[in-house]
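A.B. asks: Please read through the structure below; I'll follow up with questions.
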Amino acid sequence: MSIHSSVAPEAVALRTVPFDHADAVALSDRVLREYAERYGDPEGDATPLDAAMFAPPRGLYVIAYGTGGTPLATGGWRTQDRNDEGYADGDAELKRMYVTPEARGLGLARRILAVLEEDARAAGRVRMVLETGVKQPEAIALYTSSGYEPCAKFGHYRFDELSRCYAKTL
């Protein structure tokens, strides 16, 4: 039986967790493996991250749990301000947005994205930014359909030809 027939989207609970929570680490490992497969890079994503970056009020990390406590999706934001990697004052950066293959199509990414945008806005951030890649067409479709527009490249992969950056005013 597929998760689509056994988990109703409304039965999924979103919970705030630390970035170093065991479920967050497990989901992060899964998304890094997916990036490695899609891009042929064994690291998946070498952007330096640590748990303190996602601690409120300078960030937030969320996991969507299905009934029975199964972690199904994740995402977070962290504060960024003007620096030599191309960020601007007031930026909030999306990181580690991921939905497990068995939970795709339930609208979990949109739910998490809305929570993260609202939290970043409440924290005084003025723009949400994100970096994704050309081999993630599902991510690009989600973000562009959610009001994100291409922007000047920033961050760890700003010089990578496969990288794409997007922004949305909060």
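Going letter by letter, the sequence shown gives residues 1 to 170 in full-length UniProt numbering. Ideal placement from N, C-alpha and C gives every residue a C-beta, glycine not left out.
For the beta strand (DSSP E) containing residue 166, name the first residue and the last one.
C.D. replies: Counting from 1 along the sequence shown, the entry for residue 166 is found at position 166. Segment 163 to 169, the beta strand (DSSP E) holding residue 166.
A.B. asks: Report yes or no: do the segment 149 to 163 and the segment 61 to 72 share at least 3 C-beta pairs separated by less than 8 Å?
C.D. replies: The segment 149 to 163 is not in contact with the segment 61 to 72.
A.B. asks: What is the residue span of the alpha helix (DSSP H) that residue 106 lies within?
C.D. replies: On the sequence shown, residue 106 is found 106 positions in, with the first residue counted as 1. Residue 106 -> no alpha helix (DSSP H), and no H or E assigned at all.
A.B. asks: Is residue 71 near residue 23, with beta carbons less than 7 Å apart?
C.D. replies: Looking up residue 71 in the sequence shown gives position 71. Looking up residue 23 in the sequence shown gives position 23. For residue 71 and residue 23, yes; Cβs fall inside 7 Å.
A.B. asks: Is it buried or exposed for residue 28, if we count other Cβ within 10 angstroms and need 16 for buried?
C.D. replies: Working through the sequence shown from its first residue, we reach residue 28 at position 28. So residue 28 counts as buried.
A.B. asks: Give every residue of the same chain whose Cβ lies closer than 7 Å to the Cβ of residue 45, excluding the five residues on either side of it in the sequence, and list them in chain order.
C.D. replies: Numbered from 1 along the sequence shown, position 45 holds the residue referred to as residue 45. Once the five neighbours on either side are set aside, the close Cβ partners of residue 45 are 32, 35.
A.B. asks: What distance in whole Å lies between the Cβ atoms of residue 126 and residue 90, which are believed to be in contact at a cut-off of 8 Å?
C.D. replies: Start at 1 with the first residue of the sequence shown, and residue 90 comes out as number 90. Start at 1 with the first residue of the sequence shown, and residue 126 comes out as number 126. About 4 Å separates the two Cβ atoms, so the contact holds.
A.B. asks: When DSSP labels each residue in this structure, what does residue 43 get in the three-state scheme?
C.D. replies: Here the question's residue 43 lines up with position 43 in the sequence shown. Of the three classes helix, strand and coil, the one that applies to residue 43 here is coil, per DSSP.
A.B. asks: Going by DSSP, what residue range makes up the alpha helix (DSSP H) through residue 16?
C.D. replies: Start at 1 with the first residue of the sequence shown, and residue 16 comes out as number 16. Per DSSP, residue 16 belongs to no alpha helix (DSSP H); it is in the beta strand (DSSP E), 13 to 16.
A.B. asks: Taking the alpha-carbon positions, what's the residue 52 to residue 120 distance?
C.D. replies: Against the sequence shown, residue 52 aligns to sequence position 52. Against the sequence shown, residue 120 aligns to sequence position 120. Rounded to the nearest angstrom, the two C-alpha atoms are 16 Å apart.
A.B. asks: Which of the three DSSP states is assigned to residue 30 in this structure?
C.D. replies: As a position in the sequence shown, residue 30 is number 30, starting the count at 1. Helix, per DSSP.
A.B. asks: With DSSP run on the structure shown, which of helix, strand or coil describes residue 91?
C.D. replies: As a position in the sequence shown, residue 91 is number 91, starting the count at 1. In this structure, residue 91 counts as strand in the three-state DSSP scheme.
A.B. asks: So is residue 95 buried or exposed if we call it buried at 16+ other beta carbons inside 10 Å?
C.D. replies: Taking the sequence shown and counting its residues from 1, the one referred to as residue 95 is at position 95. Buried, since its Cβ has 16 or more Cβ neighbours within 10 Å.
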